[in-house]
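Peer 1: If you scroll down you'll find the structure; I have some questions about it.
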Amino acid sequence: MPEIASRQHLVVLNPLIEGALRQAGVKLHDLNAIAVAHGPGLVGALLVGVATAKALAYAARLPLIAVNHLQAHLYANHLCGFDIKYPAVILVVSGGHTELLYSEEPGSITLLGHTRDDAAGEAFDKVARALELGYPGGPIIDSLAEKGNPAAIDFPRALMNEEGRFDFSFSGLKTAVINHLYHARRQGHQYVIADVVASFQEALVDALVEKTVSAAKAHKAATVLIAGGVAANSRLRFKLKERLGHDLPYAGLYVPPLELCTDNAAMIAAAAYPLYRQGRYASLDLNAYPGLGMGDL
Amino acid sequence: MTAEYNTMRQAEAFLTTRTEQETAHAGYMFGRVIGVPTVIALEGELGAGKTVFVRGAARGLAVDKHITSPTFVLLKIYSGRLPLYHFDFYRLSAPEESPELDFDEYLPGGGAAFVEWPERLPELLPAEKVVIRLERFYDDRGEGRRILLTPHGADASLLVDRFIESITWRTDGTLNMPQAGEA
Numbered sequence: 241m242p243e244i245a246s247r248q249h250l251v252v253l254n255p256l257i258e259g260a261l262r263q264a265g266v267k268l269h270d271l272n273a274i275a276v277a278h279g280p281g282l283v284g285a286l287l288v289g290v291a292t293a294k295a296l297a298y299a300a301r302l303p304l305i306a307v308n309h310l311q312a313h314l315y316a317n318h319l320c321g322f323d324i325k326y327p328a329v330i331l332v333v334s335g336g337h338t339e340l341l342y343s344e345e346p347g348s349i350t351l352l353g354h355t356r357d358d359a360a361g362e363a364f365d366k367v368a369r370a371l372e373l374g375y376p377g378g379p380i381i382d383s384l385a386e387k388g389n390p391a392a393i394d395f396p397r398a399l400m401n402e403e404g405r406f407d408f409s410f411s412g413l414k415t416a417v418i419n420h421l422y423h424a425r426r427q428g429h430q431y432v433i434a435d436v437v438a439s440f441q442e443a444l445v446d447a448l449v450e451k452t453v454s455a456a457k458a459h460k461a462a463t464v465l466i467a468g469g470v471a472a473n474s475r476l477r478f479k480l481k482e483r484l485g486h487d488l489p490y491a492g493l494y495v496p497p498l499e500l501c502t503d504n505a506a507m508i509a510a511a512a513y514p515l516y517r518q519g520r521y522a523s524l525d526l527n528a529y530p531g532l533g534m535g536d537l
Numbered sequence: 098m099t100a101e102y103n104t105m106r107q108a109e110a111f112l113t114t115r116t117e118q119e120t121a122h123a124g125y126m127f128g129r130v131i132g133v134p135t136v137i138a139l140e141g142e143l144g145a146g147k148t149v150f151v152r153g154a155a156r157g158l159a160v161d162k163h164i165t166s167p168t169f170v171l172l173k174i175y176s177g178r179l180p181l182y183h184f185d186f187y188r189l190s191a192p193e194e195s196p197e198l199d200f201d202e203y204l205p206g207g208g209a210a211f212v213e214w215p216e217r218l219p220e221l222l223p224a225e226k227v228v229i230r231l232e233r234f235y236d237d238r239g240e241g242r243r244i245l246l247t248p249h250g251a252d253a254s255l256l257v258d259r260f261i262e263s264i265t266w267r268t269d270g271t272l273n274m275p276q277a278g279e280a
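Protein chains in written order, with the working numbering: chain A, 241 to 537; chain B, 98 to 280.
Now the structure itself:
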């Protein structure tokens with residue numbers, strides 16, 4: 241065991257494992273393998289998970305499987321029993337990630353583009369903070385924006401026509417919202433918070449939708465998948481469906497149910513399954529990789 | 098456009114920038130003069146340009162990867178002329194959350210540690226450091242940033258000195274950015 245360990249994770253983890261086994265009605269020895277996310281993420285939390293998984297695998301003499309947390313988000317879709325046709329374009333959007341991926345066939349993933357600064361979910365959180373709306377910002381802004389006018393303020397859609405056309409940038413949008421609030425307050429103008437957040441959300445969603453759809457067109461995708469916490473955003477779901485229906489009517493759009501959009505253990509197990517079938521086991525000296533990239537195993 | 102230099106106290110200094118490119122350039126020049134492991138506390142509101150400054154500093158440290166926000170993962174590590182540790186304490190509040198994160202290994206460590214939102218966990222920072230505060234301001238010429246540098250310790254003072262000496266301005270008041278083409 242590494243000496244550095246997240247106390248909170250340690251406190252929570254063992255009862256959680258016991259509870260999961262009890263609920264599933266199985267014993268440790270009934271399992272086929274132990275899977276663990278070894279990156280990317282917070283090093284302390286990853287280390288606790290990796291150490292626990294290694295101990296369980298060793299004790300129960302089960303194969304250990306290392307899963308990339310980001311890739312696992314895609315398997316949230318498999319868990320729903322979707323029949324995914326390839327090639328597929330995948331948008332992973334969360335508090336820590338905004339990545340556009342291409343999968344030509346099951347098991348292969350390449351990175352098309354990613355955020356150059358802030359992640360989409362991070363932009364939601366930071367704008368919510370600037371408006372003192374609370375945390376996490378995504379769901380709060382999503383529901384508040386329903387009452388606002390998305391065309392009230394023309395916030396910038398960054399990197400819409402540039403080289404690196406599948407990259408994102410949300411830092412400038414965040415700053416534009418803060419500037420807008422500053423000027424409105426200084427000049428004593430009234431502003432409607434619902435309009436501000438609706439316009440912000442519209443700019444952010446437009447960038448996500450535009451790039452996802454153009455990537456899908458460029459790669460003749462049969463399927464478009466979205467994953468990650470921001471995939472729960474109602475405006476993103478609505479506009480992506482609308483644009484795809486218009487531009488690529490034959491492509492299927494898969495959006496996992498809300499509870500599988502956010503981080504969860506089921507998707508780690510789902511991602512481990514093909515690795516288990518292929519016998520791609522990790523050794524018991526597995527380490528945590530906080531900076532693991534999307535394409536890394 | 099202006100650099101001021103208070104020789105009475107320990108080399109406290111400030112400069113102003115008018116664009117994101119100028120802020121990144123200031124970071125670049127700062128990164129270039131970092132020669133020994135250093136802790137840099139970066140203060141400033143949301144959107145003040147902290148990450149922009151670090152992005153420039155990364156170039157100055159010959160980091161070839163593009164810097165992205167560390168807010169979610171708390172720490173990103175890049176290799177360059179010196180290692181660059183990019184921290185964000187934004188999501189942290191309680192000191193008891195931090196020991197398990199093993200941050201003291203880098204504060205200071207063998208490289209340049211840039212800490213955004215240091216005010217969340219000031220006790221994690223060593224006494225010897227450079228505090229850089231980015232302040233947004235608006236005047237008749239529009240928006241700008243005031244970058245205040247306060248060194249704590251002899252190495253930090255030397256670093257701030259070398260940084261200010263390296264900055265030059267054009268006659269129109271904009272930062273002289275000969276490296277801008279690399280940005």
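Yeah, the Cβ is synthetic: ideal placement off N, Cα and C, and Gly gets one too. Bear in mind that the values here come from a model prediction, so they are computed numbers and not experimental data.
Are there 16 or more other CB atoms within 10 angstroms of the CB of D394/A, so buried, or fewer, so exposed?
Peer 2: Here residue 394/A corresponds to residue number 154 of the first sequence, with the count starting at 1. Exposed: under 16 other Cβ atoms inside 10 Å.
Peer 1: What does a CB cutoff of less than 6 Å around I274/A pick up in its chain, not counting 5 residues either side in sequence?
Peer 2: In the first sequence, the residue the question calls residue 274/A occupies position 34. Cβ within range, chain order: A293, L296, A297, L302, L304.
Peer 1: May I have the straight-line CA-CA distance separating D323/A from V329/A, to the nearest angstrom?
Peer 2: In the first sequence, the residue the question calls residue 323/A occupies position 83. In the first sequence, the residue the question calls residue 329/A occupies position 89. Taking the straight line from one Cα to the other gives about 15 Å.
Peer 1: At which residue ranges does the region 183-240 of chain B contain complete beta strand (DSSP E) runs of 3 or more residues, listed in the order of the chain?
Peer 2: 209-213, 226-236
Peer 1: Output the residue ranges of the beta strand (DSSP E) runs that lie fully inside the region 457-511 of chain A and measure 3 residues or longer, sorted by chain position.
Peer 2: Considered as a whole, the region 457-511 of chain A harbours 463-467, 492-494 as its complete beta strand (DSSP E) runs of no fewer than 3 residues, in chain order.
Peer 1: I'd like to know if D503/A contacts chain B, where contact means its C-beta is closer than 8 Å to some C-beta of that chain.
Peer 2: On the first sequence, residue 503/A is found 263 positions in, with the first residue counted as 1. Not closer than 8 Å to any Cβ of chain B, the Cβ of D503/A fails to qualify, so no.
Peer 1: Tell me whether S343/A sits in a helix, a strand or coil according to DSSP, three-state version.
Peer 2: Stepping through the first sequence from its first residue, residue 343/A is reached at position 103. Residue state, collapsed to three classes: strand.
Peer 1: Taking the straight line between their C-alpha atoms, what separation do you get for L218/B and V227/B?
Peer 2: For this step, residue 218/B is matched to residue 121 along the second sequence. For this step, residue 227/B is matched to residue 130 along the second sequence. If I take the Cα positions, the gap works out to 16 Å.
Peer 1: Tell me which residues of the region 164-181 of chain B have at least one Cβ-Cβ distance to chain A shorter than 8 Å, keeping chain order.
Peer 2: Correct list: T165, S166, T168, F169, V170, L171, L172, K173, I174.
Peer 1: State yes or no: is the beta carbon of G241/B nearer than 8 Å to at least one beta carbon in chain A?
Peer 2: Taking the second sequence and counting its residues from 1, one reaches residue 241/B at position 144. By this cut-off, G241/B is not an interface position.
Peer 1: Hey, which unbroken runs of the alpha helix (DSSP H) at 4 residues or more fall wholly within the region 281-352 of chain A?
Peer 2: 283-300, 309-319
Peer 1: Under 8 Å, Cβ to Cβ, is there at least one residue of chain B near I433/A?
Peer 2: Within the first sequence, numbered from 1, the residue matching residue 433/A stands at position 193. So, not an interface residue.
Peer 1: Am I right that V333/A and A471/A are in contact with their C-beta atoms under 8 Å? What's the rounded C-beta distance?
Peer 2: Stepping through the first sequence from its first residue, residue 333/A is reached at position 93. Stepping through the first sequence from its first residue, residue 471/A is reached at position 231. Indeed they touch by this definition, with Cβ atoms about 6 Å apart.
Peer 1: Anything in chain A within Cβ reach of L143/B, meaning under 9 Å, just list it in chain order.
Peer 2: Walking along the second sequence from the start, residue 143/B turns up at place 46. Near L143/B (Cβ distances below 9 Å), the residues of chain A are K366, V367, R369, A370, K414, T415, I418.
Peer 1: Indicate the three-state DSSP secondary structure (helix, strand or coil) for E119/B in the structure shown.
Peer 2: Indexing the second sequence from 1 puts residue 119/B at position 22. Correct three-state label for E119/B: helix.
Peer 1: Beta-carbon within less than 6 Å of R475/A's beta-carbon, same chain only, minus the 5 sequence neighbours each way: which residues are those?
Peer 2: Here residue 475/A refers to the residue found at position 235 of the first sequence. Only Q441, V445 meet the Cβ criterion.
Peer 1: In three-state DSSP terms, what is T148/B?
Peer 2: Your numbering for residue 148/B matches position 51 in the second sequence. Residue state, collapsed to three classes: helix.
Peer 1: Using a Cβ cut-off of 7 Å, which residues of the region 115-149 of chain B contact any Cβ in chain A, in chain order?
Peer 2: The residues in question are L143, G144, T148.
Peer 1: Is the CB of L304/A under 8 Å away from at least one CB in chain B?
Peer 2: What you label residue 304/A is simply residue 64 of the first sequence in a count that begins at 1. Chain B contact via Cβ: absent.
Peer 1: I need the DSSP call for I244/A, collapsed to helix, strand or coil.
Peer 2: Numbered from 1 along the first sequence, position 4 holds the residue referred to as residue 244/A. With a pLDDT of 39 at I244/A, under the threshold of 50, the modelled position of that residue is not reliable, and the figure given next carries that caveat. Note: I244/A maps to coil in three-state DSSP.
Peer 1: Keeping to the same chain, check which residues put their C-beta closer than 7 Å to that of H313/A; ignore five residues upstream and five downstream.
Peer 2: What you label residue 313/A is simply residue 73 of the first sequence in a count that begins at 1. The answer, listed in chain order, is V332, A467, G468, M507.
Peer 1: Short check: CB of R242/B to CB of G146/B, under 8 Å?
Peer 2: Taking the second sequence and counting its residues from 1, the one referred to as residue 242/B is at position 145. Taking the second sequence and counting its residues from 1, the one referred to as residue 146/B is at position 49. A contact, by the Cβ cut-off of 8 Å.
Peer 1: Tell me where the alpha helix (DSSP H) around T415/A begins and ends.
Peer 2: Residue mapping note: residue 415/A aligns to position 175 of the first sequence, counting from 1. Unbroken alpha helix (DSSP H) run through T415/A: 411-426.
Peer 1: Just to confirm before moving on: does the CB-CB distance between I380/A and G374/A stay below 8 Å?
Peer 2: Indexing the first sequence from 1 puts residue 380/A at position 140. Indexing the first sequence from 1 puts residue 374/A at position 134. Yes, Cβ-Cβ distance for I380/A and G374/A is below 8 Å.
Peer 1: Could you give the distance in angstroms between the alpha-carbon of I257/A and the alpha-carbon of N272/A?
Peer 2: What you label residue 257/A is simply residue 17 of the first sequence in a count that begins at 1. What you label residue 272/A is simply residue 32 of the first sequence in a count that begins at 1. One C-alpha to the other measures close to 15 Å.
Peer 1: Please classify N473/A as buried or exposed, where buried requires at least 16 neighbouring CB atoms within 10 angstroms.
Peer 2: On the first sequence, position 233 is the one that residue 473/A refers to. The residue is buried, with at least 16 neighbouring Cβ atoms inside 10 Å.
Peer 1: Flag T355/A as yes if its beta-carbon sits less than 8 Å from any beta-carbon of chain B, otherwise no.
Peer 2: Here residue 355/A refers to the residue found at position 115 when the first sequence is read from its first residue. Taking Cβ atoms only, chain B reaches closer than 8 Å to T355/A, which makes this a yes.
Peer 1: Looking at the unbroken alpha helix (DSSP H) that takes in K162/B, where does it start and where does it end?
Peer 2: In the second sequence, residue 162/B corresponds to position 65, counting from 1. First-last for K162/B: undefined, no H or E at that position.
Peer 1: Express the C-alpha separation of H337/A and T355/A in angstroms, rounding to a whole number.
Peer 2: Position 115 of the first sequence, counted from the first residue, corresponds to residue 355/A. Position 97 of the first sequence, counted from the first residue, corresponds to residue 337/A. Cα to Cα, the separation comes out at about 8 Å.
Peer 1: Between I261/B and F211/B, which are expected to be in contact by the criterion C-beta below 8 Å, what is the C-beta distance as a whole number of angstroms?
Peer 2: Numbered from its first residue, the second sequence carries residue 261/B at position 164. Numbered from its first residue, the second sequence carries residue 211/B at position 114. Approximately 18 Å separates the beta-carbon atoms of I261/B and F211/B; this is outside 8 Å, ruling out the contact.
Peer 1: Count the other CB atoms, across all protein chains shown, that sit within 10 Å of the CB of S523/A; report buried if there are 16 or more and exposed otherwise.
Peer 2: Locating residue 523/A in the first sequence gives position 283, counting from the first residue. Exposed.
Peer 1: Hey, could you find the ends of the beta strand (DSSP E) E109/B is sitting in?
Peer 2: Here the question's residue 109/B lines up with position 12 in the second sequence. First-last of the beta strand (DSSP E) with E109/B: 109-114.
Peer 1: Using the beta-carbon count (16 or more within 10 Å), is N308/A buried or exposed?
Peer 2: If you number the first sequence from 1, residue 308/A lands on position 68. Flag for N308/A reads buried.
Peer 1: Terminal residues of the continuous beta strand (DSSP E) containing G279/A?
Peer 2: For this step, residue 279/A is matched to residue 39 along the first sequence. Unbroken beta strand (DSSP E) run through G279/A: 274-279.
Peer 1: Contact between the region 487-499 of chain A and the region 517-534 of chain A is defined here as three or more beta-carbon pairs at a separation below 8 Å; is this criterion met?
Peer 2: no
Peer 1: Would you tell me roughly how many angstroms separate the C-alpha atoms of G377/A and K366/A, rounded to the nearest one?
Peer 2: Counting from one through the first sequence, the residue named residue 377/A turns up at place 137. Counting from one through the first sequence, the residue named residue 366/A turns up at place 126. Those two C-alpha atoms are separated by around 7 Å.
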